Amino acid sequence: MNFIGDRDYWNNKYENRDDTLFAPEISLVENIQYLKKGSVLDIACGDGRNALYLIGKGFDVTGIDFSEEALARLYKFADKNNCLINLKQVDLNNTNALKDIGIFDNIIINHYKMNKEGLVDLKNHISKNGILFICGFGEIHKVDIKIKETDLIQSDDFDNITDSFDLINYIKKESSRGYLVTYIYRKK
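All residue numbers for the sequence shown refer to UniProt numbering, where the first residue is 1 and numbers rise by one.
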């Protein structure tokens, strides 16, 4: 499943951006107190707006993305800011994409809709009481030519993870960008 676009779409998007890093996701900033101190796996990290924010807050971050252009930009931003980050190019469309990724205290997924099988697999990559933070366009967001119905986060996307995770916060918010939802889970 390609979220909003395929690898070529995202490589082109990142290749044509200026040298300014977007601000971190506001929901992450407003809810950082939920994260456990320690390590973070930033899934679909893009060019690092959240990863670099978290490094600045003292987290050890591993960022993964399938776009080599996004990872190249993130490496440049990290170098410019004297930040250490572990980066890996991973295509989440592949079965067992996270097989050798390790175990983290927190996993964040921002503006990427992971398939249900991938969500279930996250239990193998997060420590006990670890936090799973998911934010993106929610089920009532207006669909357009860029964002398809299949890109929207639905509440039933998480039905298969409730045996491993407890929902500790759910936030829905409308902004100038659209209808956003945040799900914060703690691993049992």
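By construction, the Cβ of each residue, glycine as well, lies at the ideal position given by its N, Cα and C atoms.
These numbers were taken from a predicted model, which means no experiment stands behind them.
Handout entry: residue 189 - containing alpha helix (DSSP H), residue span
Key = What the structure shows of the chain is the stretch from 1 to 188, and residue 189 is not part of that stretch, so it cannot be assessed.
Handout entry: Collapsed DSSP secondary structure at V120 in the structure displayed
Key = As a working note, residue 120 is residue 120 in the sequence shown. For V120, the three-state secondary structure derived from DSSP is helix.
Practice task
Go ahead and pull the three-state DSSP assignment for V90.
Solution key: Mapped onto the sequence shown, residue 90 falls at position 90. Three-state result, V90: coil.
Handout entry: D166 - DSSP class collapsed to helix/strand/coil
Key = In the sequence shown, the residue the question calls residue 166 occupies position 166. The answer is strand: DSSP assigns D166 an E or B state.
Problem - DSSP state of Y185 mapped onto helix, strand, coil - result: For this step, residue 185 is matched to residue 185 along the sequence shown. The answer is strand: DSSP assigns Y185 an E or B state.
Exercise for the section: Please work out which residues of its chain come closer than 8 Å, Cβ to Cβ, to Y170, disregarding the five sequence neighbours upstream and downstream, and give them in chain order. Expected result: In the sequence shown, residue 170 corresponds to position 170, counting from 1. Closer than 8 Å at Cβ, skipping near neighbours: V181, T182, Y183, I184.
Practice task
Evaluate the contact criterion for the segment 123-140 versus the segment 73-93: three or more CB pairs, one atom per stretch, below 8 Å.
Solution key: Inter-segment contact for the segment 123-140 and the segment 73-93 is absent: fewer than three beta-carbon pairs are separated by less than 8 Å.
Practice task
Could you check the C-alpha separation between C83 and L122 for me, to the nearest Å?
Solution key: Position 83 of the sequence shown, counting from 1, holds the residue named residue 83. Position 122 of the sequence shown, counting from 1, holds the residue named residue 122. Rounded to whole angstroms, C83 to L122 spans 26 Å at the Cα level.
Problem - For G46, the three-state DSSP class (helix, strand or coil) - result: For this step, residue 46 is matched to residue 46 along the sequence shown. Coil.
Handout entry: the segment 149-156 in contact with the segment 56-74 per 3-pair CB rule at 8 Å
Key = Contact between the segment 149-156 and the segment 56-74 is absent, because fewer than three Cβ pairs lie under 8 Å.
Practice task
Give the range of the beta strand (DSSP E) segment to which S176 is assigned.
Solution key: To locate residue 176, count along the sequence shown from 1; it is residue 176. Where S176 is concerned, there is no enclosing beta strand (DSSP E), because DSSP gives it neither an H nor an E.
Practice task
List the endpoints of the continuous beta strand (DSSP E) containing V61.
Solution key: One-based indexing of the sequence shown puts residue 61 at position 61. Here the beta strand (DSSP E) through V61 covers 60-65.
Exercise for the section: Give the range of the alpha helix (DSSP H) segment to which I32 is assigned. Expected result: For this step, residue 32 is matched to residue 32 along the sequence shown. No alpha helix (DSSP H) contains I32, which DSSP labels as neither H nor E.
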